[in-house]
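So the sequence lines, in the order shown, correspond to chains B and R. Residue numbers for the first sequence follow our numbering, beginning at 883 and rising by one. Residue numbers for the second sequence follow our numbering, beginning at 9 and rising by one.
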Amino acid sequence: MRLPLPTATRQNLLCAAALGLIFLSAPFPRIQPILHATLVLALAPRAGEPIVPALWALAAGWTLEGTLRLYPHLGGTAWADLTLTLLAGWMAARWPLESLKGWITRLAALTLLHTLLVHGAVRLAVGAHPWGYGWLWALVTVPLWGWASWRLLHAGPTPGRR
Amino acid sequence: MAVRAVRWGWSRTRWQRLVLALLWLGQGIWVLLGPNPGRHWTRLAEVVSRPSQSLAARWQGWRANRNLSARDMAEIRAENARLTSELAQLKTQAAQEGPRLAEADAAVRLLGLKQQIPLELKAARVMFSTRPATFGGLILDRGHDLGLVPDQGVLVPEGIVGRLWSVSATQSKVLPADAPNASVAVMLIRSRATGVLQGLGSGRAVIRYVSNQEVVQVGEAVMTSGLDRVFPRGLLVGYVAEVAQGDLELRVVVNLSAPLDRISTVLLLPPQPPLEVQPPFFAPEQKPQRKRGTP
């Protein structure tokens, strides 16, 4: 059973809310990577519509690095976010979601890949840099924010439940 | 829109893919440029402009060297002109100072001779020389005013010159030893043979009354013998130039040692000096005594 896609308005509103939370959670370095991963890997990707998710991913990356004020050259995280969002959108079109378990498993794999790609791109942009433990928090809390995003995107009021 | 889509042949999906590719590539290039992306353009500009910069540097260096060489050449020319002027001035100064220096040198040598002869010697300057004329001589600037009298011996550091022939109030005339009518009592330094020196002119003289039995060598020194009571014994007269056997006596030609044509200052012996004078005693310089065992 294929799950219906959320409406674009709903998804964009959720992305905007996540982006605002990323900006506001700059003083909390354990929460910000989780919100960032949620926006890039769960909320922004959309099957068959790559442009808008790409822009949300770029915005997420630039916002994160801009609020970090840590790197001398910004853009590495945004590039990795763009790549992973496009990949997630392609995966969503190629292998449509069927259950929460598959969704969380996919998010865990994408989070791991996202972590490696972000730090690789940042290394390309600015050289050696500290990793911190944000990636670990994001990976550990995959079930939490995976479930939350599942509920927000796919378990809301749908025509079938009416 | 339909016509354009047909003409281009691209669907909306393709356009989306193109935009995504450009977005991804642009972001990736931005990331790869790294911090201070201007440095890449600077480096590229440096690489591109390296030949022209090298050429410009060589051109500037060549111009600088040329200007430096021109300036050096101008400085060298100016210095050369200055040195030439200084050299001319120094030559003029040397020419002006030359006679005075020669006179001072002669005075110093006369002073040395005066210290070696323990007699009361008087000095006079040669005003004029009439030697090229027949019976010519040297005219001195002193006469009776200095207490001079005829037959006083005249000498210079190189040797004897002659004797005073006539004395006036302020001048006196010297009869040189090479004059034909001049005679000086001499002796040979090795054989101790004595004779009378008579002039031959041109700085030469001949010794008469030397026996054939004497052995005389060319180059032997001839000294005054003191028998004429004009010169004391032991003053240098000249050196033997020729020796020839005669009928009764040797013919000994002597080159006078005094430069009779180039005399400016002379010393005059007192009248009838003693036959022999002892040179002044100079105490030898004592060497510092060494202690035994010290180097």
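Think of the CB as a built atom: it goes at the ideal place given N, C-alpha and C, for glycine as much as any other residue.
(request) Give the DSSP-derived three-state secondary structure of residue 196/R in the structure shown. (result) strand
(message) Taking beta-carbon pairs under 8 Å, can you tell me which members of the region 989 to 1010 of chain B lie near chain R?
(response) 1003, 1006, 1007, 1008 and 1009
(request) Give the straight-line distance between the Cα atoms of residue 992/B and residue 58/R, rounded to the nearest whole angstrom. (result) 48 Å
(request) Jot down the residue ranges of each uninterrupted alpha helix (DSSP H) in the region 917 to 974 of chain B, minimum 4 residues, whole runs only, in chain order. (result) 933 to 950
(request) Thinking residue 2/R and residue 247/R are a contact (beta carbons under 8 Å), I'd like their distance in whole angstroms, please. (result) Given that chain R is displayed from residue 9 to residue 303, the structure contains no residue 2/R and the question cannot be resolved.
(message) Quick check: what's the CA-CA separation for residue 940/B versus residue 55/R?
(response) 34 Å
(message) I need the boundaries of the beta strand (DSSP E) containing residue 147/R, first residue and last residue.
(response) Counting along the chain, the beta strand (DSSP E) containing residue 147/R begins and ends at 146 to 148.
(message) Give me, in chain order, the residues of the same chain whose beta-carbon lies closer than 7 Å to that of residue 104/R; leave out the 5 immediate sequence neighbours on both sides.
(response) none
(request) Answer with yes or no whether the minimum CB distance from residue 43/R to chain B is below 7 Å. (result) True, the Cβ-Cβ gap to chain B drops below 7 Å.
(request) Sort out for me which residues DSSP pairs residue 130/R with in a bridge. (result) 276/R
(message) Could you tell me the alpha carbon to alpha carbon distance between residue 109/R and residue 115/R, rounded to whole angstroms?
(response) 10 Å
(request) Specify, as a first and last residue, the run of the alpha helix (DSSP H) that residue 1030/B falls within. (result) Per DSSP, residue 1030/B belongs to the alpha helix (DSSP H) from 1024 to 1035.
(request) Could you list which residues in chain R have their beta carbon closer than 9 Å to that of residue 955/B, in chain order? (result) 38, 39, 41, 42, 43, 44 and 45
(request) Return the residues of the region 26 to 37 of chain R that lie within a Cβ-Cβ distance of less than 8 Å from chain B, sorted by chain order. (result) Residues of the region 26 to 37 of chain R with a C-beta less than 8 Å from any C-beta of chain B: 27, 28, 31, 32, 35 and 36, listed in chain order.
(request) Ignore the nearest five residues each way along the sequence and tell me which others in residue 174/R's own chain have a CB closer than 8 Å to its CB. (result) 158, 180 and 181
(message) Considering just the uninterrupted stretch of the beta strand (DSSP E) at residue 173/R, what are its terminal residues?
(response) 167 to 175
(request) Can you pull the chain B residues whose beta carbon is under 9 Å from the beta carbon of residue 24/R, in chain order? (result) 931, 932 and 933
(message) Looking at residue 39/R: is its Cβ nearer than 7 Å to the Cβ of residue 942/B?
(response) Here residue 39/R is not near residue 942/B, since their CB atoms are 7 Å or more apart.
(message) Measuring alpha carbon to alpha carbon, tell me which residue in 133/R, 259/R and 19/R is nearest residue 223/R.
(response) 259/R
(request) Between the Cα of residue 167/R and those of 149/R, 117/R and 188/R, spot the shortest distance and give me the residue it belongs to. (result) 117/R
(message) Counting only Cβ pairs nearer than 8 Å, list the residues of chain R close to residue 967/B.
(response) Taking the beta carbon of residue 967/B as reference, no residue of chain R falls within 8 Å; the closest one sits roughly 10 Å away.
(request) Go through its chain and collect everything with a Cβ distance to residue 907/B's Cβ below 7 Å, but skip five positions before and after it. (result) Once the five neighbours on either side are set aside, the close Cβ partners of residue 907/B are 913, 914 and 917.
(message) For the region 146 to 154 of chain R against the region 224 to 236 of chain R, do three or more pairs of beta-carbon atoms, one drawn from each stretch, fall closer than 8 Å, so that the two count as touching?
(response) no
(message) Given this structure, state the Cα-to-Cα distance separating residue 338/R from residue 29/R, to the nearest angstrom.
(response) Nothing can be reported for residue 338/R, as the shown portion of chain R is limited to 9 through 303.
(message) Please report the distance separating the alpha-carbon of residue 998/B from that of residue 889/B.
(response) 31 Å
(message) Comparing C-alpha positions only, which one of 213/R, 232/R, 279/R and 276/R sits nearest to residue 250/R?
(response) 213/R
(message) Can you tell me whether residue 35/R is buried or exposed? The criterion is at least 16 other CB atoms within 10 Å of its CB, across all chains shown.
(response) buried
(message) In the DSSP output, which residue or residues are listed as bridge partners for residue 253/R?
(response) 258/R
(message) I'd like to know if residue 936/B contacts chain R, where contact means its C-beta is closer than 7 Å to some C-beta of that chain.
(response) yes
(request) Can you give me the start and stop residues for the beta strand (DSSP E) that residue 216/R sits inside? (result) From DSSP, the beta strand (DSSP E) with residue 216/R extends over 212 to 216.
(message) With a threshold of 7 Å between beta carbons, is residue 1111/B in contact with chain R?
(response) Past the edges of chain B, shown from 883 to 1044, lies residue 1111/B, and the structure says nothing about it.
(message) Between 921/B, 885/B and 1001/B, which has its C-alpha nearest residue 899/B's C-alpha?
(response) 921/B
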